[in-house]
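Chemist:
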Amino acid sequence: MAQITLIEAVTQALAWEMKHDSSVLVLGEDVGVNGGVFRATQGLLQQFGEGRVLDTPLDETTIAGLTVGLAAQGMKPVAEAQFEGFIYAMLEQIICHAARLRNRTRGRMSVPAVFRAPWGGGIRAPEHHSEANEALFTNVPGLRVVLPSSPARAYGLLLAAIRDPDPVIFFEPKRIYRQYKEEVPDDGEALPLDVCFVLRDGTDVTLVTWGAQVKETLEAAEALAADGISAEVIDVATLKPLDFDTIAESVAKTGRCVIVHEAPRTAGFGAEIAARLAEHSMYDLLAPVERVTGYDTHIPLFRLEMKYLPGVDKIVAAAKRTLAAG
Amino acid sequence: MAQITLIEAVTQALAWEMKHDSSVLVLGEDVGVNGGVFRATQGLLQQFGEGRVLDTPLDETTIAGLTVGLAAQGMKPVAEAQFEGFIYAMLEQIICHAARLRNRTRGRMSVPAVFRAPWGGGIRAPEHHSEANEALFTNVPGLRVVLPSSPARAYGLLLAAIRDPDPVIFFEPKRIYRQYKEEVPDDGEALPLDVCFVLRDGTDVTLVTWGAQVKETLEAAEALAADGISAEVIDVATLKPLDFDTIAESVAKTGRCVIVHEAPRTAGFGAEIAARLAEHSMYDLLAPVERVTGYDTHIPLFRLEMKYLPGVDKIVAAAKRTLAAG
Amino acid sequence: MSVVATFEIEYLQYLDTEGRLIREDLPAFARDIRQLVDIYKLMTYLRVFDGKAVALQRTGKLGTYASCLGHEAAHVAIGSAMQEDDSLAVSYREYGAQFFRGVRARDVLMYWGGDERGSDFAGPAHDFPWCVPIATQCLHAAGSALAFKLRKEPRVAVCTVGDGGSSKADFNSAINVAGAMQLPLVAVIVNNQWAISVPRSAQTGAKTLAQKGIAAGLDCIQVDGNDLIAMRAALDHAIKRARHGHGGTVIEAVTYRLSDHTTADDARRYRPDAEVKEAWEREPLKRIRAYLSSLNAWSDEEEAAWKAQCGDLVDAEVNAYLETKSQPVEAMFDYTYAELPPDLAAQRAEAIAREHGG
Amino acid sequence: MSVVATFEIEYLQYLDTEGRLIREDLPAFARDIRQLVDIYKLMTYLRVFDGKAVALQRTGKLGTYASCLGHEAAHVAIGSAMQEDDSLAVSYREYGAQFFRGVRARDVLMYWGGDERGSDFAGPAHDFPWCVPIATQCLHAAGSALAFKLRKEPRVAVCTVGDGGSSKADFNSAINVAGAMQLPLVAVIVNNQWAISVPRSAQTGAKTLAQKGIAAGLDCIQVDGNDLIAMRAALDHAIKRARHGHGGTVIEAVTYRLSDHTTADDARRYRPDAEVKEAWEREPLKRIRAYLSSLNAWSDEEEAAWKAQCGDLVDAEVNAYLETKSQPVEAMFDYTYAELPPDLAAQRAEAIAREHGG
Ligand SMILES: Cc1ncc(C[n+]2csc(CCOP(=O)(O)OP(=O)(O)O)c2C)c(N)n1
Ligand SMILES: Cc1ncc(C[n+]2csc(CCOP(=O)(O)OP(=O)(O)O)c2C)c(N)n1
Ligand SMILES: [Mg+2]
Ligand SMILES: [Mg+2]
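Protein chains in written order, with the working numbering: chain V, 3 to 328; chain B, 3 to 328; chain E, 92 to 449; chain F, 92 to 449.
#1: Quick check: the region 177-187 of chain F against the region 214-232 of chain F, are there 3 or more CB pairs under 8 Å?
#2: Would you please state the rounded distance, in angstroms, between the beta carbons of B:Ala-269 and V:Ala-137? I believe it to be under 8 Å.
#3: Cβ closer than 8 Å: which chain B residues qualify as neighbours of E:Glu-207?
#4: State the CB to CB distance for the pair V:Ala-17 and V:Gln-49, rounded to an integer number of angstroms; the pair is presumed to be in contact (CB under 8 Å).
#5: Decide yes or no for the touch test of the region 256-265 of chain E against the region 198-207 of chain E: beta carbon pairs closer than 8 Å, at least 3 of them.
#6: Report yes if the C-beta of V:Gln-84 is less than 6 Å from at least one heavy atom of ligand 2; otherwise report no.
#7: With 7 Å as the threshold, decide whether the Cβ of E:Ser-93 is near any Cβ in chain F.
#8: Roughly how many angstroms lie between the CA atoms of V:Leu-311 and V:Gly-124, to the nearest whole one?
#9: Compare the C-beta of V:Phe-271 against all C-beta atoms of chain B and say whether one is closer than 7 Å.
#10: Below 7 Å between beta carbons: does that hold for V:Gly-213 and V:Gly-122?
#11: Any idea what DSSP makes of V:Phe-172, helix, strand or coil?
#12: Note the first and the last residue of the continuous beta strand (DSSP E) segment covering V:Asp-247.
#13: Would you be able to state if there are at least three C-beta pairs under 8 Å between the region 306-323 of chain F and the region 103-113 of chain F?
#14: Keeping to the same chain, check which residues put their C-beta closer than 7 Å to that of B:Asp-196; ignore five residues upstream and five downstream.
#15: Here's the rule: buried if 16 or more other CB atoms are within 10 angstroms of the residue's CB, otherwise exposed. What is F:Ile-312?
#16: Indicate, with yes or no, if ligand 3 has a heavy atom lying under 6 Å from the CB of E:Asn-317.
#17: Locate the alpha helix (DSSP H) running through F:Phe-239, then write down its first and last residues.
#18: List the endpoints of the continuous beta strand (DSSP E) containing B:Tyr-157.
#19: Would you call the region 325-345 of chain E in contact with the region 294-314 of chain E, where contact means no fewer than 3 C-beta pairs closer than 8 Å?
#20: If you reduce the DSSP assignment to three classes, tell me which class E:Phe-219 lands in.
#21: Nearest by alpha-carbon distance to V:Ile-231: which of V:Arg-118, V:Asp-237, V:Glu-251 and V:Leu-209 is it?
#22: Among V:Ser-252, V:Phe-88 and V:Pro-175, whose alpha-carbon lies nearest the alpha-carbon of V:Arg-155?
#23: Taking only beta-carbon positions, decide if B:Arg-126 is within less than 7 Å of chain E.
#24: Would you say the beta carbon of F:Gly-255 comes nearer than 6 Å to a heavy atom of ligand 4?
#25: Starting from E:Gly-336, find everything on chain F with Cβ-Cβ shorter than 7 Å and list it in chain order.
#26: DSSP puts B:Lys-242 in a beta bridge; with which residues?
#27: Enumerate, from N- to C-terminal direction, the unbroken beta strand (DSSP E) stretches of 3 or more residues contained entirely within the region 7-35 of chain B.
#28: For V:Pro-290, count neighbouring C-beta atoms within 10 Å of its own C-beta (all shown protein chains included) and say buried if the count is 16 or more, exposed if not.
#29: Near B:Arg-165, which residues of its chain fall below 7 Å by C-beta distance, leaving aside the five closest residues on each side in sequence?
#30: Residues of the region 301-329 of chain F in Cβ contact with chain E at a cutoff of 9 Å, in chain order, please.
#31: Provide the residue span of the beta strand (DSSP E) that contains B:Thr-295, from first to last.
#32: Hey, how far is the Cα of F:Val-279 from the Cα of F:Gly-338?
#33: Is E:Trp-397 close to ligand 3? I mean its beta-carbon at under 6 Å from any heavy atom of the ligand.
#34: Measure the C-alpha to C-alpha separation of F:Val-252 and B:Asn-135 and round it to an integer number of angstroms.
#35: For my contact list, V:Leu-68 and E:Ala-233 are in at a C-beta cut-off of 8 Å; report their separation, rounded to the angstrom.
#36: If I measure Cβ to Cβ from B:Gly-37 and keep anything under 8 Å in the same chain, skipping five residues before and after, which residues do I get?
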């Protein structure tokens, strides 16, 4: 069984599902002969042919609208936005149609599509190649929002996303596309789309995160352990619909919660988790909730971007504050 | 001094500022001879001529992009999206350019523009005419988001929005466009863009809201008063940047908080307020925070829409729960 | 300077405003007089329905309604030219096309009456529902056309869009990708001269809207949109081309919106009565009726009888609409996802409890 | 059928690939040989700069960089045809146009070096910065053109967009509104045949990209984009028309991207070497140099000397770039709004404290 990276897991999931379901197709810019600018669709054109892997004209509105039309006619399109920063022109089609067609037609039509995009900062890329804009989607009813952070979760969640009968926004943390390899059996096993992943058990504080910051958060948990603090680490991964129960249970145990994400803080998705804690877990909380996030500024160009992103130091400090507090 | 409605206050503010600043202009669909589908721009074409009031081709991308270009060249455009549900095609230009041009150019260029749109449900309108989608904008750095709920606040905040050197999303709660009249002196006095409005003092519970739900929230406060409960009512109105201090002070006093908005609950802007309470006001809170919001579904067509929107009953019940809790 | 490409936009018309044939080459379908009469009858039904719907709105029994007055020839030509397994993506007023495909008047009324079930209509399940965000439906048609092409099905996707809508990005994107991928798409621009209050002249500097197809490398043609025979001929031609894999077409149907934009609009605010009056001279029903009369295929008696019958038919639909109870409150949850997620289930339960005073 | 509109797309070329004049009507500006030489010198500077920038990236001293190799004639023609108070809105590789307007090589390097100060460049303050979201800059140019028109200023807005970008909604929207409002906009499609790995043929079924202007009712022309004289002539004509209120123009500059898309790309994955080799035959510097040589206006000695000088000039710019310290951490806060809101002030303070180990 091969060891593969996160991006290879994406390719592997696409290939598996294309092989087993002839209605699955991939479309986007440069997804064909070039195999995607990150190589997520590498080899698919060769394997499945031009009818399954389509290079579109350079227009995200086109990609999104075609995807809605294809899906409504029974295909399962997996559309790619080349970077998360180019997804904005897809929003009208996603919000007005992908997310609503089932509801609008009382189930007569639906949009079983996936909108994939590399996501997040930290790769020294040009402008608009580093955003963490998942909060654009989390208030929109009818969407699922998924953000895996390991090869295995990328594989299992992408399979689930393609099979899901509703539209899924599938963000891939590009900073960790090739960070490490792990064994991911190519067995077509999907992961559930509505449970959080507990990556590390702990008793003193709950660290909740998603995307590339899972890496820093796990490192922070290590660092805390060195100081005798036992941190539980939860990877939300399936942001919407949110499995709050797993988080609430953990906080019921630890009494403390630090939420970590790289998007700007204000109205980032971390706010929703903190809000639910304020509603449902108040009596469990021994200390105020902490958020460790990107600043409420644009992520800077790359000379400064690592100063924008949260890091191990900030997560550790926040966790320690929660312990000092209560 | 005339008594005017909220929509007349919008017109009055536009007219004042167009008269006193020749760089202000209005653009959008049907804003000219028709005076806007709600009559927000009524009479402006006649008063200021074709060079100041522009009917654009029917394309929101065009409206938004022109607005960025006009603003970058020293104009102060006030762009209209005919309904909030048609603002999506503006998002790429708003997020990538309006919100970023100042930052991108280190202040060399900026976008002193206002993007206006009628907002929210409850007028028995067709599909896409009833959304509460303010959360799309609140995670975007560089934007201001304003949502007045009275004639006087509409007048003062719109003046402030036009004068503000940065892009402002200005949503107008259409359900209360003509709900009541009040005296609004046409004196060109702007209101501050970064303080919440305390509409009613109280000591037992803080009700935080914005938009058309201000009406129901004030009614709920009345109903609570009849039961001997003293509710403080805060109209957030300037969502972003958020004046959290006013809310925190109130909650420090009351110990209880109910957040009311008509947008879907999950990742609505209420989450941010609840999150800040969880971070900063935990020791003040005597009861869990409550959110009274739209459901996590699309606002239904009008036969059911009033069952979707929060109402006095739900606000009162939530407030009472907070009192029972602690 | 050398010329590397040349283009022409042709204008197609068969009947003049008095219903007189002005060309020799009558298309085959038009020789089938029974069929023409049937189509004309649907146009009349449509007009009776439309008037009734406006009246319903005026008396508070319907929400905002978008009238199709004056567009009948363009709309029914589309419906009658399509095959059932073709797919139609409309804006919001093309009932004539939809009635041909099985959509019922009561479906239309349900939709404008604020009930989602209207879009779960009796027409083909692969037809798109009404689409409020202007021109976005054009890309759904393009996506449908792509699905048909990829699956090698001999099906065609047809979309309609307004003169205003032809400015919107999605329309241009749809015809562009249709050209780039050689899709079986027929895009009909129903140019009724107005986009609410904005006249055609403010939408574009282009002389015709048909020429937008040149930018996409599609066939394009301008047609008298009030001339049923011309519209149907243009559609037959375009649909046939598309079905045989020869690519897409843009058809500009030149017509006029004889009504207000919707019942929420008052067109007297922005357009002169004289223009409307003059447009009535060119309206589509009169013309085809005159033509049928001249062939002795339709009489005043038939007209009167059919109109009366339409009244009854429409009344029955109206009653069916008025008698339909609202959906229960949980209906707002049940189609958000294929399966109800747990947190939504909790909200659903809360809504039901609230409904019952809980 | 009557024809209601006809259109032609013309192709403009003055110099063949060997630099021989193939038309008689040499435009006035081209008779000023000193000016031609100056423009040619800038093209050479550009090429030296470009090679150096790629090398800097390869050695880790620059981030991703978008080369302009092969586009020099199209780019400098734009820069040289514009007046200072005109406004330019580019994509990301049109340094040739920008150098003419005062942007410095070090500004370009700062930008691709990950420092926002690059976009606070030495060029005109009313020129737009590099624009990554494809084609969105076209609407900024349209908005600028509208501002100029409303203020009755005799200024012109020029935008550039790629062949790929000509598919994007914003481009079509920009030219459409320019036509509808008769704006002083000149839109140059720099058709270098590739949008990363996607060939021109996959973007559209249109025979030329120039004909996109027909849809918008604009003038349009296809030009040999490697022919400096033709490009400049087309621009002069279009800019003059625009300046005098006669409306906008779409210019398709047919050229070729001789480099990878950016330094992050490897074009050998998707295009044949033979195609690139063949394209080198048509590259723009050789052609204008041959023409100038044939007029005895430029010699091999001058060429060698100037190239050496360019090396020095570029080195100085590179050094200036390399010596520029990063901005302090607070720089990421200070331009989010004109004034720092209180909650952002708190975050700023936190970031500064963190920087100092706090
Ligand atoms: C994206 C979007 N913007 C604005 C509107 C509001 N609106 C509804 S109909 C209309 C005019 C449409 O004109 P046209 O395309 O000519 O179609 P017609 O109504 O004349 O059939 C407008 C602006 C909308 N529905 N969608
Ligand atoms: C909206 C958007 N989508 C995708 C991209 C990614 N991207 C960057 S350059 C490029 C190709 C552009 O091709 P073209 O317009 O022909 O310009 P060229 O690079 O050839 O000059 C793409 C797809 C982007 N920058 N913006
Ligand atoms: Mg119209
Ligand atoms: Mg290109």
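Heads up, the beta-carbon is just placed ideally off N, CA and C, and yes, glycines get one too.
Modeler: Taking the definition as stated:
#1: Touching, yes.
#2: Yes, they are in contact, since the Cβ atoms of B:Ala-269 and V:Ala-137 sit about 6 Å apart, within 8 Å.
#3: Residues of chain B passing the Cβ test: Pro-302 and Leu-303.
#4: Between V:Ala-17 and V:Gln-49, the beta carbon gap of about 7 Å places them in contact (Cβ cut-off 8 Å).
#5: The region 256-265 of chain E is not in contact with the region 198-207 of chain E.
#6: Indeed, a heavy atom of ligand 2 lies less than 6 Å from the Cβ.
#7: Yes, E:Ser-93 lies at the interface with chain F (some Cβ there is under 7 Å from its Cβ).
#8: If you take the alpha carbons of V:Leu-311 and V:Gly-124, they lie about 8 Å apart.
#9: Interface annotation, V:Phe-271: in contact with chain B, CB-CB separation under 7 Å.
#10: It is a contact, given that the beta carbons lie within the stated cut-off.
#11: Note: V:Phe-172 maps to strand in three-state DSSP.
#12: It is not in any beta strand (DSSP E) - V:Asp-247 instead sits in the alpha helix (DSSP H) that spans 246-256.
#13: Short answer: they touch.
#14: If the five residues before and after B:Asp-196 are omitted, its C-beta is found closer than 7 Å to the C-beta atoms of Thr-240, Pro-243 and Asp-245, all from its own chain and listed in chain order.
#15: Sixteen is the threshold: when 16 or more other Cβ atoms of the shown chains lie within 10 Å of the Cβ of F:Ile-312, as they do, the residue is buried.
#16: Incorrect: E:Asn-317 has no Cβ contact closer than 6 Å to ligand 3.
#17: Here the alpha helix (DSSP H) through F:Phe-239 covers 227-241.
#18: Note, B:Tyr-157: premise wrong, no beta strand (DSSP E); alpha helix (DSSP H) at 153-165.
#19: Output reads yes: the region 294-314 of chain E touches the region 325-345 of chain E.
#20: In the displayed model, E:Phe-219 falls within coil according to three-state DSSP, outside both helix and strand.
#21: Per the Cα distances, V:Leu-209.
#22: Ranking V:Ser-252, V:Phe-88 and V:Pro-175 by CA distance to the CA of V:Arg-155 puts V:Pro-175 first.
#23: By this cut-off, B:Arg-126 is an interface position.
#24: Checking the Cβ of F:Gly-255 against ligand 4 gives yes.
#25: The premise fails here: E:Gly-336 is roughly 13 Å from chain F at the closest Cβ pair, so nothing lies under 7 Å.
#26: B:Val-147.
#27: Whole beta strand (DSSP E) segments, 3+ residues: 26-30.
#28: Buried, since its Cβ has 16 or more Cβ neighbours within 10 Å.
#29: Taken in chain order, the residues that qualify are Ala-192.
#30: Listed by position, the residues of the region 301-329 of chain F near chain E (Cβ gap below 9 Å) are Ala-301, Gln-302, Lys-303, Gly-304, Ile-305, Ala-306, Ala-307, Gly-308, Leu-309, Ile-312 and Gln-313.
#31: It spans 292-296 - the beta strand (DSSP E) in which B:Thr-295 sits, taken as one unbroken run.
#32: Approximately 14 Å, taken between the alpha carbons.
#33: Judged by the Cβ position, E:Trp-397 fails to qualify as a neighbour of ligand 3 at the 6 Å threshold, every heavy atom of the ligand being at least this far.
#34: Roughly 32 Å between the two C-alpha positions.
#35: Contact flag correct, Cβ pair sits at about 6 Å.
#36: Close CB contacts of B:Gly-37 within its chain, under the 8 Å cut and outside five residues either way in sequence, are with Thr-43, Gln-44, Gly-45, Leu-46 and Leu-47 (chain order).
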